[in-house]
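**Student:**
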């Protein structure tokens with residue numbers, strides 16, 4: 001994931017940024033970030049000289065995103081299975097509904113645990129600032145050309161060999 005954001009607050013290496021100026025997330029389906037300008041934190045590992053209002057490019061590696069997906073889904077699913085099996089083991093006469101209810105409670109506790117882990121240790125999942133973007137560069141990449149209409153093609157039609 002690549003985003004261009006504006007720096008809102010600087011607290012050491014933890015930088016609060018406001019999204020909304022998304023330069024490289026054309027495939028992203030999260031329209032809320034684009035419309036409302038999501039506030040998030042990023043890590044300035046490379047110690048870029050930043051001031052409030054600076055434009056920065058954030059990047060999250062695909063491996064980090066995949067790891068986050070595993071860590072968000074795996075513990076709740078494991079806790080569901082453990083709670084379901086635990087009720088069946090300790091109360092063999094229990095109904096499937098009570099086993100499923102215990103599983104859902106286990107899953108809920110798993111999601112709650114993941115939520116609190118991310119609140120207590122946010123650095124693990126923070127995007128990293130990879131460069132400072134100049135205002136001119138930002139404007140040049142986000143200003144449509146005068147010869148193109150809303151379709152993005154100079155004459156409004158895609159080229160003849162376009163599939």
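In the numbering used here, the protein residues as written are 1 to 163. Backbone N, C-alpha and C fix where the C-beta goes; we use that ideal spot for every residue, glycine too.
(1) Could you check where the alpha helix (DSSP H) with residue 70 kicks off and where it finishes?
(2) Figure out for me which residue from 112, 16, 51 has the closest Cα to the Cα of residue 38.
(3) Helix, strand or coil: which one does DSSP assign to residue 128?
(4) Does the distance from the C-beta atom of residue 138 to that of residue 55 stay below 8 Å?
(5) Let me confirm a value: residue 79 is counted as buried when at least 16 other C-beta atoms fall within 10 Å, else exposed. Which label applies?
(6) Less than 8 Å separating the beta-carbons of residue 110 and residue 62?
(7) From 51, 118, 97, pick the residue whose C-alpha is nearest to that of residue 71; which is it?
(8) Note down the Cα distance separating residue 44 from residue 114, rounded to an integer number of angstroms.
(9) With DSSP run on the structure shown, which of helix, strand or coil describes residue 40?
(10) Between the Cα of residue 132 and those of 65, 52, 40, spot the shortest distance and give me the residue it belongs to.
(11) Pull up the CB-CB distance for residue 57 and residue 4, whole angstroms please, since I reckon it's below 8 Å.
(12) Are there 16 or more other CB atoms within 10 angstroms of the CB of residue 97, so buried, or fewer, so exposed?
(13) Let me make sure I understand the geometry here. Which of 2, 140, 94, 87 has the alpha-carbon closest to that of residue 64?
**Tutor:** Taking the coordinates as given:
(1) Looking up residue 70 in the chain shown gives position 70. According to the DSSP assignment, residue 70 belongs to the alpha helix (DSSP H) that extends over 62–90.
(2) For this step, residue 38 is matched to residue 38 along the chain shown. Comparing Cα-Cα distances from residue 38 to each of 112, 16, 51, the minimum goes to 16.
(3) Walking along the chain shown from the start, residue 128 turns up at place 128. Note: residue 128 maps to strand in three-state DSSP.
(4) Residue mapping note: residue 138 aligns to position 138 of the chain shown, counting from 1. Residue mapping note: residue 55 aligns to position 55 of the chain shown, counting from 1. Yes, these two residues count as a Cβ contact at 8 Å.
(5) Numbered from 1 along the chain shown, position 79 holds the residue referred to as residue 79. Classification of residue 79: buried, given that the 10 Å Cβ count is 16 or more.
(6) As a first step, residue 110 must be located in the chain shown, where it is residue number 110. As a first step, residue 62 must be located in the chain shown, where it is residue number 62. When the beta-carbon positions are compared, residue 110 and residue 62 stay at least 8 Å from each other.
(7) Counting from 1 along the chain shown, the entry for residue 71 is found at position 71. When only C-alpha atoms are compared, the closest one is 118.
(8) Indexing the chain shown from 1 puts residue 44 at position 44. Indexing the chain shown from 1 puts residue 114 at position 114. Those two C-alpha atoms are separated by around 24 Å.
(9) As a position in the chain shown, residue 40 is number 40, starting the count at 1. In the three-state reduction of the DSSP assignment, residue 40 falls in the strand class, which pools E and B.
(10) Position 132 of the chain shown, counted from the start, is the residue given in the question as residue 132. Among 65, 52, 40, the Cα nearest to that of residue 132 is on 52.
(11) What you label residue 57 is simply residue 57 of the chain shown in a count that begins at 1. What you label residue 4 is simply residue 4 of the chain shown in a count that begins at 1. The Cβ separation is near 5 Å, so the contact holds.
(12) As a working mapping, residue 97 is identified with position 97 in the chain shown. Counting every other CB atom within 10 Å of its CB across the protein chains shown gives residue 97 a total below 16, marking it as exposed.
(13) Counting from one through the chain shown, the residue named residue 64 turns up at place 64. Out of 2, 140, 94, 87, 2 has the C-alpha closest to the C-alpha of residue 64.
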